[in-house]
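This note's numbering applies: residue 61 is where the sequence shown begins, and numbers increase by one.
Please read the structure below before turning to the comments.
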Amino acid sequence: MKLSAFTPVLLLASILGAAAAETKSPRPGTSARSPAPNPPDTDFSTYPVKGPWVLSDAFLAAASARRKESNFYESKIAPYVLPPLFTATDGRPVATAAEWDARRRPELLALFREHVYGVAPPRPPDLTFRTLSNDPAALGGRATLKRVAIEFRLGNETFSFPLTLFVPKQRRGPAPVFLLLNHRSPANTDPTRQIKSEFWPVEYAVSRGYAMAAINVADEVDPDHNRATTGVRVFYHRHPEAAKFTWATISAWAWAGSRAVDYFETDPDLDRQRIAVIGHSRTGKTSLWAAAQDPRFALACVNDAGESGPALARRNFGETVEMITRSFPYWFTPKYATYARNVAALPVDQHQLVALVAPRGYHGADATEDLHADPRGSWLALVEASAVWARYGKASAWHDEMPRVNELRIDGPLAYHLREGGHALTTFDWKLYFDHADQLFRRG
61 MKLSAFTPVL LLASILGAAA AETKSPRPGT SARSPAPNPP DTDFSTYPVK GPWVLSDAFL
121 AAASARRKES NFYESKIAPY VLPPLFTATD GRPVATAAEW DARRRPELLA LFREHVYGVA
181 PPRPPDLTFR TLSNDPAALG GRATLKRVAI EFRLGNETFS FPLTLFVPKQ RRGPAPVFLL
241 LNHRSPANTD PTRQIKSEFW PVEYAVSRGY AMAAINVADE VDPDHNRATT GVRVFYHRHP
301 EAAKFTWATI SAWAWAGSRA VDYFETDPDL DRQRIAVIGH SRTGKTSLWA AAQDPRFALA
361 CVNDAGESGP ALARRNFGET VEMITRSFPY WFTPKYATYA RNVAALPVDQ HQLVALVAPR
421 GYHGADATED LHADPRGSWL ALVEASAVWA RYGKASAWHD EMPRVNELRI DGPLAYHLRE
481 GGHALTTFDW KLYFDHADQL FRRG
């Protein structure tokens, strides 16, 4: 890996503090909260492409002092062996894309469900969509604002959660749509737009021709805390086959994303072939798991998702399986925690999860100061997984050298960028996601 003199030491305390806030378990009965939303910043000149990523000794020492349990030194990573992409569990090779689809993809999905995320229910048979409001003059007449209740029944009880959707008025045909799975404060997805946030820059998206949808998954679908007494998983206790569903919170949030797609397929204003799912941090993990399972997502945008998202578990860099299952056991199936001190025994690793998105679009992103999320581990997972896209003839196998800071690297359906700064989802990130989608969806 090449290095340069990019050493953002002065911002370390504030950035690590933000990362700590992101990973701190919220109080029971609340969702994970962010600070007051910041207005979207569309001055992209503040993010010029820089040299290769480097971390100074002072930066690494300060990071290590802040998180004593974590390793932030590449030199301290023990040798590891990744489970293979192209060898089935019965030992037979997987040589072609057709064999991947027929044999390897289904068994990898089954392994991730058994060992990491759990099994979620299928689409409810009586799923319905109820219009809550429809404003054809939103954003000064530039968009239509729709609020939709996604509902289903078990017995005599109904579970419902709202979807917020802005659709641009100036467009040729149905609009491509980005779905944000939001675990932070609902203020970040304020439909009135009295509060604007970089986390969901609706006005900018509409100016680019994209519809913007959001679900507040922690507040409306499944609570982001242990021992929850409400939410969709508790509601499913009424199901006659409830024991079959071993899903945890990340799977519940991903399930909600697929129910949003069920609605999108009924809305003539939306292009069902051009649906992107996006999440940050814990919902970055969720967006990856949602896209791995649901092929209707044409693009997965995985932002600063780290451990148990795209970052390789076996690297022992930044957050680890042991740390995340101790802090957030309810995100995963209980079996995952049994690998906390023996990750080498885990039958999967995250390059295989990334590969499950193939041959569709995948865009990974990290931040230079977000060491806890192991940007290099996420990049290496994509490098490994790119071989699956190559089998489809959709992209070339990627190499080991990371892109320069703030550079967007695109190869057909694959993209990656490393943003300057800390653990956040910024308008600059959104710009690069839209830039990739423009090419992937052949827009412009």
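C-beta atoms are modelled at their ideal positions from N, C-alpha and C, and glycine is treated no differently.
Here the structure is a predicted model, which means the values were calculated and not measured.
Excluding residues up to 5 positions away in sequence, MET272 lie with their Cβ nearer than 6 Å to the Cβ of ALA265 in the same chain. If you compare the alpha carbons of TYR493, LEU187, ASP364, VAL141 with that of GLU325, the shortest gap goes to LEU187. Across the structure, LYS206 and TRP490 are spaced so that their CA atoms are roughly 22 Å apart. As DSSP reads the structure, VAL227 sits in a beta bridge with THR204. In the DSSP annotation of this structure, the continuous segment of the beta strand (DSSP E) that includes LEU359 starts and ends at 359-363. Inclusion of TYR270 and PRO236 in the CB contact set at 8 Å is warranted, their separation being smaller than that value.
Contact between LEU359 and GLY421 holds: their C-beta atoms lie close to 4 Å from each other, under 8 Å. When the five nearest sequence neighbours on each side are left out, the beta carbons in the same chain lying within less than 6 Å of the beta carbon of ALA302 are those of TYR296, in order along the chain. Residues ASN466 of the same chain have their beta carbon placed closer than 7 Å to that of PRO108, with the five preceding and five following residues left out of the count. Assignment of PRO182 by DSSP, reduced to helix, strand and coil, places it in the coil class. PRO222 is not a Cβ neighbour of ALA203, given a cutoff of 8 Å. Within the same chain, LEU468 come within 7 Å of ASP495 by CB-CB distance, once the 5 residues on both sides are set aside. DSSP links LEU478 through a beta bridge to ASP426, VAL465. The C-alpha of LEU431 is placed about 11 Å away from the C-alpha of GLU134. Secondary structure at GLU134: helix, using DSSP grouped into helix, strand and coil. A straight-line Cα-Cα distance of about 20 Å links ARG502 and GLY424. Residue pairing from DSSP leaves PHE377 without any beta-bridge partner. With fewer than 16 neighbouring CB atoms inside 10 Å of its own CB, GLU461 falls in the exposed class. If you look at VAL337, you'll find it in the beta strand (DSSP E) that goes 330-340. Between GLY378 and the set SER105, ASN402, PRO435, LEU330, the nearest pair of CA atoms involves PRO435. Per DSSP, ARG190 is one residue of the beta strand (DSSP E) stretching across 188-197. DSSP, reduced to helix, strand and coil, places SER368 outside both helices and strands of the structure shown, so it counts as coil. THR346 is a Cβ neighbour of ALA314, given a cutoff of 8 Å. In this model, TYR390 and ILE275 are separated by some 20 Å (Cα to Cα). The residue from VAL208, LEU239, GLY178 with its alpha-carbon nearest to that of ARG332 is LEU239. VAL321 places its beta carbon 8 Å or farther from that of ARG374. By a beta-carbon distance limit of 8 Å, GLN410 contacts GLY369. Their separation comes to about 7 Å. Contact check for HIS175 against LYS395 passes: the beta carbons are separated by less than 8 Å. Taking TYR323 as the centre and dropping the five residues before and after it, the same chain places the C-beta of PHE189, VAL208, ILE210, LEU223 closer than 8 Å to its C-beta, in chain order.
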